[in-house]
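Here the structure is laid out as structure tokens; the discussion comes afterwards.
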């Protein structure tokens with residue numbers, strides 16, 4: 002990777018190199034862009050800096066097409082930098098640098114070398130064995146998402162395609178929360194070979210009605226399209242999580258400075274904003290608060306909200322992106338009619354020159370960077386952002 006500093010870097014920036022299928026990270030490594038003893042704070046404008054990064058395809062990665070992507074963040078800054086098309090327009094927080102075609106493994110792996118947190122070794126339907134599992138979300142808000150990883154090995158060539166059915170159990174309460182093929186259905190079991198090991202990732206939403214407290218995660222392996230009750234599939238415990246309740250606010254927050262009325266997608270309404278100051282200098286921090294009202298929850302996709310300070314050329318000079326409530330109130334768990342208070346700390350870039358700047362906000366799908374459309378109070382589509390204020394940089 003070759004880097005060209007456009008200004009003197011103000012932070013010790015870190016690059017994150019990820020192997021992804023567009024939904025999950027299969028491998029990730031975060032480090033300084035060049036040598037460890039040459040942080041970006043040492044770089045100078047006009048000096049091209051090269052850095053080499055090795056990456057690997059972990060054992061058990063399902064065959065298919067993957068992307069190698071990079072993101073950049075400053076230590077202590079709190080969010081990845083935006084990738085700017087033409088140096089101006091934000092198009093997400095990662096850049097794809099290569100496409101990787103992963104082929105099936107040529108040999109049966111050494112099982113003792115696999116780092117499986119919770120070894121299960123439970124046979125399922127005679128065709129495959131569950132080697133182990135990991136519930137990677139030990140605590141989750143109702144409406145939040147849980148990441149589950151399963152390690153399978155084919156005992157023989159499977160006779161059919163199977164689905165993984167995931168259930169949550171808390172006391173007498175039980176609910177199926179996901180039913181999908183291994184590897185998101187992209188590498189069905191009928192294509193597995195005898196002895197092959199497959200790492201299988203799942204992400205599912207915890208229903209809003211889930212009781213708080215310790216909750217068990219169970220799976221069943223069933224023939225594709227056949228309900229588990231009909232298939233009489235064995236139930237396998239794969240881990241636990243702690244479901245956390247949160248306070249639901251149903252009255253309009255009193256801290257709103259400016260009331261607004263913009264609908265984003267079919268689930269969010271921006272009802273107000275608050276900005277700590279309308280003047281600033283380079284390096285200053287601006288505190289922006291957005292006030293959302295839920296029209297619904299966002300289903301299976303948890304959206305990220307963004308706040309950007311733009312100069313007259315629409316170049317980002319301050320930014321922060323995160324799920325609403327700094328991740329504590331994911332859109333997948335919103336209750337109809339509730340109000341969400343959402344804080345942002347915008348640090349004005351060190352190279353920001355005096356002039357008038359605007360603050361834009363909105364939401365996007367973090368999987369593809371696609372922004373939600375905005376509809377104003379008159380019902381007119383108003384693009385994919387809301388301008389919520391002006392800041393004079395001195």
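In the numbering used here, the protein residues as written are 2 to 395. Backbone N, C-alpha and C define an ideal beta-carbon position, used for all residues, glycine too.
{"Asked": "Helix, strand or coil at residue 175 [DSSP, three-state]", "Found": "strand"}
{"Asked": "Within 8 angstroms, strictly: CB atoms of residue 74 and residue 103", "Found": "no"}
{"Asked": "Proximity winner among 395, 152, 215 and 115, relative to residue 132 (alpha-carbon distances)", "Found": "152"}
{"Asked": "With 16 other Cβ atoms within 10 Å as the buried cut-off, status of residue 22", "Found": "buried"}
{"Asked": "When 385, 136 and 279 are compared against residue 240, the one with the closest alpha-carbon", "Found": "136"}
{"Asked": "Member of 326, 312, 327 and 308 whose CA lies at the smallest distance from the CA of residue 320", "Found": "308"}
{"Asked": "Residue 372 in three-state terms, based on DSSP", "Found": "strand"}
{"Asked": "Reduced DSSP secondary structure (H/G/I, E/B, other) of residue 191", "Found": "helix"}
{"Asked": "CB contact flag (residue 391, residue 279, <8 angstroms)", "Found": "yes"}
{"Asked": "Those runs of the alpha helix (DSSP H) which lie wholly inside the segment 214 to 268 and span at least 4 residues", "Found": "229 to 232"}
{"Asked": "Three-state secondary structure assigned by DSSP to residue 325", "Found": "helix"}
{"Asked": "Inter-residue CB distance, residue 188 and residue 61 (contact presumed, cutoff 8 angstroms)", "Found": "No, residue 188 and residue 61 are not in contact; Cβ-Cβ is about 11 angstroms, not under 8 angstroms."}
{"Asked": "Cβ neighbours of residue 40 in the same chain (closer than 7 angstroms, five flanking residues each side left out)", "Found": "13 and 33"}
{"Asked": "Under the three-state DSSP convention, the category residue 299 falls into", "Found": "coil"}
{"Asked": "Cα-Cα separation between residue 265 and residue 322, rounded to whole angstroms", "Found": "16 angstroms"}
{"Asked": "Assigned secondary structure, residue 42 (DSSP; H/G/I helix, E/B strand, else coil)", "Found": "helix"}
{"Asked": "Supposed contact pair residue 138 and residue 242 - C-beta distance, whole angstroms, cut 8 angstroms", "Found": "6 angstroms"}
{"Asked": "Residue span of the beta strand (DSSP E) that contains residue 101, given as start and end", "Found": "96 to 103"}
{"Asked": "Classification of residue 372 by the beta-carbon crowding that lies within 10 angstroms, buried from 16 upward", "Found": "buried"}
{"Asked": "Residues bridged to residue 31 (per DSSP)", "Found": "17"}
{"Asked": "8 angstroms Cβ cutoff met for residue 349 and residue 389", "Found": "no"}
{"Asked": "Strand pairing of residue 158, partner residues [DSSP]", "Found": "Answer by DSSP bridge pairing: none, since residue 158 is not bridged."}
{"Asked": "Environment of residue 86 [buried if 16+ CB atoms lie within 10 Å]", "Found": "exposed"}
{"Asked": "CB of residue 209 within 8 angstroms of CB of residue 144, strictly", "Found": "yes"}
{"Asked": "In DSSP terms, what residue 130 is bridged to", "Found": "124 and 154"}
{"Asked": "C-beta atoms of residue 355 and residue 302 nearer than 8 angstroms", "Found": "no"}
{"Asked": "Whole-angstrom distance between residue 217 and residue 154, CA atom to CA atom", "Found": "23 angstroms"}
{"Asked": "Given residue 238 as reference, the closest of 113, 120 and 8 once Cα atoms are compared", "Found": "120"}
{"Asked": "Beta-carbon proximity of residue 347 to residue 291, cut-off 8 angstroms", "Found": "no"}
{"Asked": "C-alpha distance - residue 205 paired with residue 180, whole-angstrom precision", "Found": "10 angstroms"}
{"Asked": "Sequence ranges, beta strand (DSSP E) only - wholly within the segment 56 to 91, length at least 3", "Found": "65 to 75"}
{"Asked": "For residue 197 and residue 59, believed in contact at Cβ under 8 angstroms, the rounded distance", "Found": "Not a contact, Cβ separation roughly 14 angstroms."}
{"Asked": "Span separating the alpha-carbon of residue 6 from that of residue 123", "Found": "53 angstroms"}
{"Asked": "Unbroken beta strand (DSSP E) run spanning residue 306, endpoints", "Found": "305 to 311"}
{"Asked": "Cut-off 6 angstroms between Cβ atoms - residues of its own chain near residue 367, not counting five sequence neighbours on either side", "Found": "305"}
{"Asked": "Cβ pair count under 8 angstroms reaching 3, the segment 334 to 346 against the segment 108 to 118", "Found": "no"}
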